[in-house]
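S.K.: Provided herewith is a single structure, encoded as structure tokens, for subsequent inquiry.
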Amino acid sequence: MRNALVVAAAVVLVGASMLNPAPALQAQDVYAGGVRYAPASVEALAARCGPVQQVIALDSAIGTVPVTSALAYQTDVPVAGWMAPDLPRAGTATPEQGVRALWQGQRIVWLGAGASAADVAAAREAVAEHPQWNASVHRWPGDYPWQLGPEQAVATSWGTLQSCTTLAPQVIDALFADAAPAPGAPGQTPPSLTENEASA
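Residue numbers (our numbering): 73 to 272.
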């Protein structure tokens, strides 16, 4: 009888742990290289998204530099740091121009260079349906040192990003709703490299 009770108690404990997955989903945040990696939400995991990455300590100052080649950033898809002097044009953007747009509060949904026309259209439709995102859709440059997969969608705001293997509007909406304000205001010009050097 005692053995039967022990087995029954074990079954109850195992069943309860399977019904309550929260402990496995509440792993502690990981910090590395000035970047915070927060566990993905249940909705994000269902959409095959990775952790939320947030730059919490910049390795470099913020400002514009004359861009002749790809700059180095703390995250593979850049969300903070040095940037191009000019904003992205409609339909085209370099990652450095993307950082410039994020600095003044815009958001970008990057799609891999090999994304299909249907995926691009779906992303643009999602952006149009969520004007509160203040976002645009851009294909990742095919010649950039770091490549995005053709099925990869990366939502970015200043200092924050989340990468998913499917376009997930609910996940993007939550990411942007929780995003910290950008340091620049629309129409404001960020300092240049030479201005930063002069004030140092």
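Just so it is clear, CB atoms sit at the ideal spot from N, CA and C, and this is done for glycine as well.
1. In this structure, what does DSSP give as the bridge partners for His-210?
2. Say whether the segment 184-199 touches the segment 158-175, bearing in mind that this needs 3 or more beta-carbon pairs closer than 8 Å, one atom from each stretch.
3. Distance, Cα to Cα, Ala-249 vs Val-151?
4. What are the start and end residues of the beta strand (DSSP E) that includes Ala-110?
5. Per DSSP, Gly-135 forms a beta bridge with which residues?
6. Check Val-149 in the structure and name its three-state DSSP category.
7. So the candidates are Ser-229, Gly-184, Asp-148, Thr-147; which of them puts its Cα closest to the Cα of Thr-164?
8. Kindly confirm or deny that the segment 223-231 and the segment 251-261 touch, where touching means at least three C-beta pairs closer than 8 Å.
9. Rounding to the nearest angstrom, what Cα-Cα distance links Val-149 and Ala-118 in this structure?
10. Between the Cα of Val-127 and the Cα atoms of Gly-153, Ser-141, Gln-169, which residue gives the shortest distance?
11. Which value, in whole angstroms, describes the spacing of the CA atoms of Ala-99 and Pro-123?
12. Using DSSP's beta-bridge definition, name the partner residues of Thr-261.
13. Does the beta-carbon of Arg-161 have 16 or more other beta-carbons within 10 angstroms, so that it is buried, or is it exposed?
M.R.: Reading it off the structure:
1. Reading the sequence shown from its first residue, position 138 is the one you call residue 210. Partner(s): Trp-182.
2. no
3. Here residue 249 is taken as the residue at index 177 of the sequence shown, counted from 1. Here residue 151 is taken as the residue at index 79 of the sequence shown, counted from 1. Roughly 16 Å between the two C-alpha positions.
4. In the sequence shown, the residue the question calls residue 110 occupies position 38. Residues 107-110.
5. As a first step, residue 135 is located in the sequence shown; it is residue number 63 there, counting from the start. DSSP output for Gly-135 lists Trp-154 as bridge partner(s).
6. To locate residue 149, count along the sequence shown from 1; it is residue 77. Reduced to three states, the DSSP call for Val-149 is coil.
7. Sequence index remark: in the sequence shown, residue 164 carries index 92 (1-based). Ranking the options by Cα distance to Thr-164, first place goes to Gly-184.
8. yes
9. The residue given as residue 149 occupies position 77 in the sequence shown. The residue given as residue 118 occupies position 46 in the sequence shown. Those two C-alpha atoms are separated by around 22 Å.
10. Position 55 of the sequence shown, counted from the first residue, corresponds to residue 127. Val-127 has its Cα closest to that of Gly-153, out of Gly-153, Ser-141, Gln-169.
11. Residue numbering aside, residue 99 sits at position 27 when the sequence shown is read from its first letter. Residue numbering aside, residue 123 sits at position 51 when the sequence shown is read from its first letter. Residue placement at Ala-99 cannot be trusted, given a pLDDT of 45 that sits under 50; what the coordinates show is reported in the next sentence. So the alpha carbons of these two residues sit roughly 11 Å apart.
12. Here residue 261 corresponds to residue number 189 of the sequence shown, with the count starting at 1. Per DSSP, none; premise fails for Thr-261.
13. Working through the sequence shown from its first residue, we reach residue 161 at position 89. Exposed: under 16 other Cβ atoms inside 10 Å.
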